[in-house]
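So for the sequence shown, this note's numbering puts the first residue at 627; every next one is plus one.
From the three backbone atoms N, C-alpha and C, an ideal C-beta is built for every residue, glycine too.
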Amino acid sequence: MAFPAGASTITVIGTLPSPVGGVGRQGRIVFTPSAVLVDSTNHAIYSGGGPVVVGSGTFSVVLLCTDDPDVQPTGWRWEVDEQLADGRRRTPYWIDLPSTLGPTVHLDTVAPVTGPGGGGRSLPPTGPAGGALTGAYPNPQLAASTIAAFDPAGAATAAQAAAALDATAKVSAHVAATDPHADRAYADSSKLAKSANLSDLDSAATARTSLGLGSSATRAVGTTSGTVAAGDDARLTDSRTPTAHASTHTAAGSDPVALTQAQVTGLPAALALLASGWADRPSDQNLLAWTYDPNMAGHVTAQSNAGVAGRVTLVRIILRDAITWSNIWIGLAGIDAAAVLSNCYLGVYDSGGALKGTTADISSSLMTGATAKALPLTASFSAAAGTYFIAMLLGNGSTWATNSLTFKASGAGVSVNAGLVAPNLRYSNMLTGQTSLPSSLTLASQTTTIINTGWGSQWYAVS
């Protein structure tokens, strides 16, 4: 079957004599394309290869040209496998058969090439080079006559030298140019030029004002009047007569000085001494504070059989200084040996009604020792200067036989709260039926329902 009309073909011929005696060799040559070839124009598909018989040392075969524009894929090549019956077998190799070789080509004139994609088997040409080349393969050079044919008058060499000089001159001119790309300098006068170093400002004085710079920005550094002093200026270290201080600062003057009590050494103690006259103070008896001088506690308050068990009584105490509060002192004037007491406590509330400290149950302490005694808080606390309230609770459920349970008190009667209202009563009571001191009290609920009878003005001290 012949190739389709229009297919691009080439006839490959060859002579393969034996190197011994020149006898023609026998066998075959297998030609195989590197890919399955498709000719969609002529509607042909070429797959696989085929042998060509070598008889008496010669062969001839028609093959597709490797540059046929109708055959896909492009870049394919022929593999040649010489399978001759005698002699050493040659390694298969690749050849190109472009149509430019003409209608017929000798196999020995087609140099082996690399396989498609750069791989495969390749045999470089060997032997002396001819024609436009000189030397030998695989590294021939252009012959002198070939070079002379291209540039018989040496015009190329001259042109190359001239081009080199021109390029050098142009590069030098480019480097020396102020703005070769028109992007280094601004023609717009509203912009500041970098090279001007701010000398092109419209007004240096206005610029200094805008930057908040004072007159020192334009003064020289020196040691005389009108100059800016340097760090080692002698004017900073020389002896001078100080300017006289103002003699006023009095309360009636134009520049009075206000001082707090804390800024005057010993003033709080001096004021306390003036307020108390020459009377004894808590510190004179190794105490921190008291509700009043114990010498004034000449009366007693008695617990009657009617009872106030479960009621909370409050006595105000004012601390003039911060202290660490550890004990509450009472003056136990008498005891009721037949009483049955339980849930009895002393506690401390601040001016906001928060419980700051409390004793353990003092029931047993109220049954013995009719004397002044310190009852410890379960935990000491730091008390700032200010107003506090000492609370007493004779717990609900307590009973007694007589009114012999008594405490040292002022006995001031109805006048004890003169000028005061809740929540700042000096002596007051609130709540009933209590078995423990609440964690907080609403001091605005202070009352005097039992105070006017003399109960509740007990003497207390702090240590």
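Check: Neighbour flag for residue 925 against chain C, beta carbons, 7 angstroms; Outcome: Considering every chain present, this structure includes no chain C. It has just one protein chain.
Check: C-alpha gap between residue 980 and residue 1067, whole angstroms; Outcome: 7 angstroms
Check: Any beta strand (DSSP E) of 3 or more consecutive residues that is wholly inside the region 1055-1089; Outcome: 1086-1088
Check: Residue 760 and residue 774 closer than 7 angstroms at C-beta; Outcome: no
Check: Segment contact flag, the region 1052-1059 with the region 946-953, C-beta cutoff 8 angstroms, min 3 pairs; Outcome: no
Check: Residue burial classification, residue 1043 (beta-carbon count within 10 angstroms, cutoff 16); Outcome: buried
Check: Test item: CB-CB of residue 638 and residue 687 under 7 angstroms; Outcome: yes
Check: Any 3 or more C-beta pairs closer than 8 angstroms across the region 915-923 and the region 985-996; Outcome: no
Check: Closest Cα partner of residue 659 within the set 667, 726, 699, 1002; Outcome: 699
Check: Residue nearest to residue 1027 in terms of C-alpha spacing, selected from 783, 937, 962, 730; Outcome: 962
Check: Residues near residue 629 by beta carbon distance below 6 angstroms, same chain, minus five either side; Outcome: 635
Check: Contacting residues, own chain, Cβ-Cβ under 7 angstroms from residue 702 (five flanking each side not counted); Outcome: 659, 660, 661, 663, 692, 742
Check: DSSP three-state assignment for residue 684, whether helix, strand or coil; Outcome: strand
Check: Cβ neighbours of residue 577 in the same chain (closer than 6 angstroms, five flanking residues each side left out); Outcome: No information on residue 577 is available, as it lies outside the stretch 627 to 1089 that the chain covers here.
Check: Buried versus exposed, by CB contacts within 10 Å (16 or more), residue 640; Outcome: buried
Check: Any 3 or more C-beta pairs closer than 8 angstroms across the region 1003-1021 and the region 968-976; Outcome: yes
Check: Option in 843, 1007, 975, 885 with minimal Cα separation from residue 1064; Outcome: 975
Check: For residue 797, the first and last residue of its enclosing alpha helix (DSSP H); Outcome: 781-802
Check: Counted within 10 angstroms of its Cβ, other Cβ atoms place residue 831 as buried (16 or more) or exposed; Outcome: exposed
Check: Proximity to residue 657 [Cα-Cα], best of 881, 668, 704; Outcome: 704
Check: Residues sharing a beta bridge with residue 1026, DSSP; Outcome: None; residue 1026 has no bridge partner.
Check: Local Cβ density within 10 Å of residue 910, reported as buried at 16 or more and exposed below that; Outcome: exposed
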